[in-house]
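K.L.:
Let me give you the structure first, and then I'll get to my questions.
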Amino acid sequence: MERKPAAAAALVVVVVVVLAAALFSVGEAAHPRRCVTSTYRRKHQASDDMPMDADVFAVPPGRNAPQQVHITLGDQTGTAMLVSWVTVEAEGNSTVLYGRAADRLDLAAEGTTTRYTFYNYTSGFIHHCTLTGLDHGTRYYYAMGFGDTVRTFWFTTPPPPGPGAPLRLGLIGDLGQTPDSNSTLTHYEQHPGDAVLFVGDLSYADKHPLHDNNRWDTWGRFSERSVAYQPWIWTAGNHEIDYAPEIGETVAFKPFSHRYPTPYRASDSSEPYWYSVKMGPAHIIVLSSYSAFGKYTPQWKWLEQELKRVDRETTPWLFISAHVPWYNSNNFHFMEGEPTRVQFEQMAVDARVDIVFAGHVHAYERSHRYSNIKYNITDGKCTPVADRRAPVYIVIGDGGNIEGLADELTWPQPAYSAFREYSYGHAVLDIKNHTHAHYAWYRNHDGNKVTADTTWFTNRYHMPNHDDSVYSNTAYV
């Protein structure tokens, strides 16, 4: 029987509608996403720590001169700055002079001094001093020491919490103190950010016999050239635990907690290993992968409350830093982050967290927006699915440490993995406004800095339905 034109047209309309509905029901899974594994392979070379007499470990001149100077926020928003340093030969004093001009340090703050022992090592005198009453977005100069050993540095406070100010964050993890570590820090210094979000594993002193704490001192002098001039936001990694019962050391995080304090009380945290800070348009939450995180533990309850306190109109960008990645397609530490992911991922998705940063795996990886919040061990529903509400997961544990690269990838590449490469490097996130941020990962290309992965992120609060996976621009070299 011959079909009438009107009936045929109606059938076409029905077919189109059905197909459109089918495609819509598939949703995010139907959207084509690039999953790139870089073909670049760096030249193989040793990852030994630099020798103790390396230039980058040089002790500043003068008897008992302050060394290992570093700063982090002294409160939640940057109207205070916490300055730390070490004197080796004598305690000296813990006074810091500061002001808006190098030749007019008209303010003074008095700090505290501490020391610790670790097996057969005794630290120098570790000073911590909080500079208060600072204005946002302002350069300050500060100095400590006596006579010809006075050392002067400067920093710029972050912009006040608010959606309008741009913010540039450096992203570094698992740095260590090898020649590759030096390349990473040098490359970052060429175009530094306003602050560094450090995702854990600082000195790797525990890789040396008896957890040689002299390597904490060398790392402090090595990193001073950056961290004395801009705040680094610290995340504790496994190499900060320093738990060594075989030599009588059973207090976790002892060297790290003595040397690198955090402003945890300002965000109502009970421990220095989980806390939050707010800089300009960003609210940054730091979590501890190596503290209790199960439901109703202090860390879990704190995160639950902290996410309720986030004001996305004031700080539209919401980030989490945790050392162990929740998503990672490298065989090294594969699925090690599952316990923390199961506890925290639902909270992160519900809160529309923009990005979760991690380290631990000595490689680089960026994910698409995927979630696994339907995880249910009884029915096997444990496959991540595309989810525009979910964070992007970035693994940036590629600073250059003594353990070398994590060079064994899982195959096939998971659908959630947007770009991965086992090379050393660092990243920078440029927040432009309340809706858009530009991101770039820079590879250490055998001594040179190469842009290898770039993309734009759109804000999950202000643009929740926007698919920002289309912005990726990755290098294939």
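Residue numbers -29 to -1, 1 to 448, in mature numbering (1 follows the signal peptide of the UniProt record, and there is no 0), belong to the letters of the sequence shown in order.
Backbone N, C-alpha and C define an ideal beta-carbon position, used for all residues, glycine too.
Figure out for me which residue from Phe28, Ser154, His99, Ala389 has the closest Cα to the Cα of Thr43.
P.N.:
His99
K.L.:
Out of Pro216, Val327, Thr286, Phe303, which has the shortest C-alpha to C-alpha gap to Ser292?
P.N.:
Val327
K.L.:
Excluding sequence positions up to five away, which residues of its chain have a Cβ less than 8 Å from the Cβ of Ala(-24)?
P.N.:
Residue confidence for Ala(-24) is low, a pLDDT of 42 falling below 50, so the modelled location carries little weight; the figure read from the coordinates is stated next. Answer for Ala(-24): no residue qualifies.
K.L.:
Taking the alpha-carbon of Asn64 as reference, which of Val363, Phe193, Ala114 has the nearest alpha-carbon?
P.N.:
Closest by alpha carbon: Ala114.
K.L.:
In this structure, how does DSSP classify Lys279 when only helix, strand and coil are distinguished?
P.N.:
helix
K.L.:
Pick from Val399, Ser342, Val366, Val59: whose alpha carbon is nearest that of Tyr387?
P.N.:
Ser342
K.L.:
Ends of the alpha helix (DSSP H) at Asn153?
P.N.:
150 to 161
K.L.:
Please say whether Val399 and His162 have beta carbons closer to each other than 9 Å?
P.N.:
yes
K.L.:
For my contact list, Gly308 and Ser18 are in at a C-beta cut-off of 8 Å; report their separation, rounded to the angstrom.
P.N.:
The pair is not a contact, with the Cβ atoms about 24 Å apart (cut-off 8 Å).
K.L.:
Considering only the beta carbon of each residue, do Gly371 and Asn404 sit closer than 9 Å?
P.N.:
no
K.L.:
Within the continuous beta strand (DSSP E) that includes Phe124, where are the two ends?
P.N.:
122 to 127
K.L.:
Smallest Cα separation from Ile367: which of Thr406, Glu160, Tyr410?
P.N.:
Tyr410
K.L.:
With a 10 Å radius around its C-beta and 16 neighbouring C-beta atoms as the bar for buried, classify Gln270 as buried or exposed.
P.N.:
buried
K.L.:
Does the Cβ-Cβ distance between Phe305 and Glu220 come in under 9 Å?
P.N.:
No, these two residues do not count as a Cβ contact at 9 Å.
K.L.:
What does the alpha-carbon distance come out to for the pair Pro32 and Thr120?
P.N.:
7 Å
K.L.:
Would you grab the beta carbon distance between Gly171 and Gly144 for me? Rounded to a whole angstrom, and I think it's under 8 Å.
P.N.:
6 Å
K.L.:
Nearest to His437 by CA position, among Thr426, Arg359, Ser394, Thr425, is which residue?
P.N.:
Arg359
K.L.:
Considering only C-alpha positions, which residue in the set Val281, Pro385, Pro252 is nearest to Ala408?
P.N.:
Pro252
K.L.:
Measure the alpha-carbon distance for Ala361 versus Gly108 and round it to whole angstroms.
P.N.:
Rounded to whole angstroms, Ala361 and Gly108 show a C-alpha spacing of 32 Å.
K.L.:
How is Thr429 classed by DSSP in three states: helix, strand or coil?
P.N.:
strand
K.L.:
Take the Cβ of Ala357 as the centre, count every other Cβ of all protein chains shown within 10 Å, and call the residue buried at 16 or more, exposed below.
P.N.:
buried
K.L.:
Between the beta-carbon of Arg312 and the beta-carbon of Arg431, is there less than 9 Å?
P.N.:
no
K.L.:
Would Val57 and Gln38 qualify as a contact pair, given that the criterion is a beta-carbon distance under 9 Å?
P.N.:
yes
K.L.:
Between Trp297 and Trp273, is the Cβ-Cβ spacing less than 9 Å?
P.N.:
no
K.L.:
So, is Pro435 buried or exposed, given that buried needs 16 or more other C-beta atoms within 10 angstroms?
P.N.:
Classification for Pro435: exposed.
K.L.:
By Cβ distance below 8 Å, which residues in the same chain neighbour Phe264 in space, the five residues on each side in sequence not counted?
P.N.:
Apart from sequence neighbours up to five positions away, the residues of its chain that approach Phe264 with a beta-carbon distance below 8 Å are Leu258, Gln270, Trp271, Pro310, Thr311, Gln314, Phe315, ordered along the chain.
K.L.:
For residue 451, count the other beta carbons within 10 Å of its own beta carbon; 16 or more makes it buried, fewer makes it exposed. Which is it?
P.N.:
Here the chain comprises residues numbered -29 to 448, so residue 451 is not present and cannot be evaluated.
K.L.:
For the region 224 to 242 against the region 184 to 196, are there 3 or more C-beta pairs whose distance is under 8 Å?
P.N.:
yes
K.L.:
Alpha carbons only, please: which of Ser260, Val54, Val7 is nearest the one belonging to Glu195?
P.N.:
Val54
K.L.:
So, for His179: in the same chain, excluding its five sequence neighbours on each side, which residues have a beta-carbon less than 7 Å away from its beta-carbon?
P.N.:
Arg186
K.L.:
Compute the Euclidean distance between the alpha carbons of Asp183 and Thr206, then round it to the nearest angstrom.
P.N.:
21 Å
K.L.:
Just how far apart, CA to CA, sit Ala389 and Ala136?
P.N.:
Their backbone Cα atoms lie some 29 Å apart in a straight line.
K.L.:
Do Ala51 and Leu105 count as a contact pair if the criterion is CB distance below 9 Å?
P.N.:
yes
K.L.:
Quick check on Ser241: buried or exposed, where buried means 16 or more other Cβ atoms within 10 Å of its Cβ?
P.N.:
exposed
K.L.:
Are the Cβ atoms of Cys6 and Pro355 separated by less than 9 Å?
P.N.:
no
K.L.:
Can you tell me whether Pro216 is buried or exposed, with buried defined as 16 or more other CB within 10 angstroms of its CB?
P.N.:
With fewer than 16 Cβ atoms within 10 Å of its Cβ, Pro216 is classed as exposed.
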